[in-house]
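S.K.: In the working numbering, the protein residues as written are 1 to 273. Got a structure for you, written out below as C-alpha cells; questions coming shortly.
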C-alpha cells in the first residue's frame with residue numbers, strides 16, 4: 001500500500017509568508033499542500049508559468065509539493081461581460097496550474113458578492129460556466145475539484161447533480177468535511193454526502209469543528225478528532241473506493257499561531273490513515 005498523501009492547506013497560518021509556511025509545515029511532517037492562486041500568479045501578468053515554477057521550486061526546497069491550487073473563480077455574475085472575463089481568467093488558471101506539478105484545480109461556484117443575482121439563477125450560471133470550461137480541462141489535462149463552500153455549492157446532492165449535468169469525468173469534488181456543517185447539514189447528512197460523492201472526490205479538506213445553526217451561526221473550528229464530524233467514516237468510505245488524492249488538513253480552531261492546530265491535525269491524520 002502506498003504512503004498516504006498527507007497535506008495541508010496554505011490558509012490560516014498567521015505570521016507566515018509562503019516560504020515560512022512551507023518550512024513550518026514540512027517540519028511538522030506535511031509533504032503536500034494546497035496553494036492559493038495568489039501563491040503562483042499575481043492575477044494580471046501573463047507570465048504565470050514562470051511564477052508558478054518559482055513557487056514549485058520553493059516547495060521542493062522543503063520536501064513539499066502542491067496537491068491542488070485554489071482557482072478563486074466566481075461564476076455568479078449579473079453582467080455577462082464579467083462572467084465572460086471570469087471564464088477567460090479560469091482558462092488561464094487551468095493553463096498555469098500544471099506547472100506546479102498538480103492537475104487539481106480546486107474551484108468554487110460563485111459568491112454573488114454584489115448581491116444582484118437572484119438565488120434561483122445560481123444553479124444555471126454555475127452549470128453553464130463549467131460546461132463552457134470543459135474544453136479547457138481537456139486542453140490542459142486538469143481536473144476540477146469543486147469545493148462545497150459558501151452558499152452556492154454546499155450540498156452534496158446538488159454537487160452530484162452538477163457533475164451529472166456537466167457530463168465531464170474531469171469534474172469532481174473537493175470534499176470539505178466541515179463546510180457542510182457550517183451550512184447547516186447534520187453530521188448524518190454529511191455521511192450521506194460522502195456515500196454518494198466518494199467516487200467523484202479528487203481532493204479533500206479534512207476539517208473538524210461544531211455548529212448547530214445555519215450559515216455558521218454557532219461555528220467553532222477544532223483540530224481533527226476534536227469536533228463532531230465523523231472523520232473516520234469519511235476515511236473509510238474514501239479508502240473503500242481507492243482514493244489516492246491528498247488528505248489535506250484545514251484548521252479553523254483557536255490555536256493557529258505557530259501551526260499548533262496543524263500539528264494536532266497532522267498527528268490525527270498519521271494515526272488514522
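Each residue gets a CB set at the ideal place from its N, CA and C atoms; glycine is no exception.
With a 10 Å radius around its C-beta and 16 neighbouring C-beta atoms as the bar for buried, classify residue 86 as buried or exposed.
M.R.: Its Cβ being crowded by 16 or more others within 10 Å, residue 86 is buried.
S.K.: May I ask you to list the residues that DSSP assigns as paired with residue 107?
M.R.: 146, per the DSSP bridge assignment.
S.K.: Once you ignore the five residues that flank residue 116 on each side, which residues in its own chain have a CB closer than 8 Å to its CB?
M.R.: Around residue 116: 78.
S.K.: Below 8 Å, can you find three or more Cβ-Cβ pairs linking the stretch 61-70 to the stretch 131-139?
M.R.: Contact fails: fewer than three Cβ-Cβ distances are below 8 Å.
S.K.: From the DSSP output, which residues share a beta bridge with residue 36?
M.R.: In the DSSP output, where bridge partners are listed per residue, residue 36 has 70.
S.K.: With a threshold of 6 Å on Cβ separation, who are the neighbours of residue 112 within its own chain once the five nearest residues in sequence on each side are excluded?
M.R.: Once the five neighbours on either side are set aside, the close Cβ partners of residue 112 are 76.
S.K.: Taking the alpha carbon of residue 237 as the reference point, which residue from 212, 251, 201 has its own alpha carbon closest?
M.R.: Out of 212, 251, 201, 201 has the C-alpha closest to the C-alpha of residue 237.
S.K.: Out of 31, 248, 94, state which residue places its alpha-carbon closest to the alpha-carbon of residue 175.
M.R.: Of the candidates 31, 248, 94, the one whose C-alpha sits nearest the C-alpha of residue 175 is 248.
S.K.: Based on DSSP bridge pairs, tell me the residues matched to residue 9.
M.R.: According to DSSP, which records beta bridges pairwise, residue 9 is partnered with 34.
S.K.: My understanding is that residue 28 touches residue 262, with C-beta atoms under 8 Å, so please give their C-beta distance in whole angstroms.
M.R.: That pair is a contact at about 6 Å.
S.K.: When you compare only the Cα positions, how much space is there between residue 122 and residue 94?
M.R.: Spanning the two alpha carbons is a distance of roughly 23 Å.
S.K.: How should residue 211 be labelled, buried or exposed, when 16 other C-beta atoms within 10 angstroms of its C-beta is the threshold for buried?
M.R.: That one is buried.
S.K.: For residue 19, I'd like the list of residues in its chain whose CB is within less than 7 Å of its CB, leaving aside the five on either flank, ordered along the chain.
M.R.: Within the same chain, residue 19 has close Cβ partners 58.
S.K.: State the Cα-Cα distance for the pair residue 264 and residue 98, rounded to the nearest angstrom.
M.R.: Looking at the two C-alpha atoms, the distance is approximately 31 Å.
S.K.: Apply the 10 Å Cβ neighbour rule to residue 114 and answer buried if 16 or more other Cβ atoms are within range, or exposed otherwise.
M.R.: With fewer than 16 Cβ atoms within 10 Å of its Cβ, residue 114 is classed as exposed.
S.K.: Taking the DSSP output, what are the residues bridged to residue 153?
M.R.: Looking at the DSSP assignment, residue 153 forms no beta bridge with any residue, so it has no partner.
S.K.: Could you tell me which uninterrupted beta strand (DSSP E) segments, each at least 3 residues in length, are contained entirely in the stretch 183-263, listed from first to last along the chain?
M.R.: If we require 3 residues or more, the beta strand (DSSP E) runs fully inside the stretch 183-263 come out as 201-205, 208-210, 220-222, 246-249.
S.K.: Roughly how many angstroms lie between the CA atoms of residue 142 and residue 106, to the nearest whole one?
M.R.: Looking at the two C-alpha atoms, the distance is approximately 10 Å.
S.K.: Note down the Cα distance separating residue 126 from residue 259, rounded to an integer number of angstroms.
M.R.: Cα to Cα, residue 126 sits roughly 35 Å from residue 259.
S.K.: Buried or exposed for residue 215, going by 16 or more other Cβ atoms inside 10 Å?
M.R.: Burial call: exposed.
S.K.: Per DSSP, residue 175 is paired with what?
M.R.: In the DSSP output, where bridge partners are listed per residue, residue 175 has 204.
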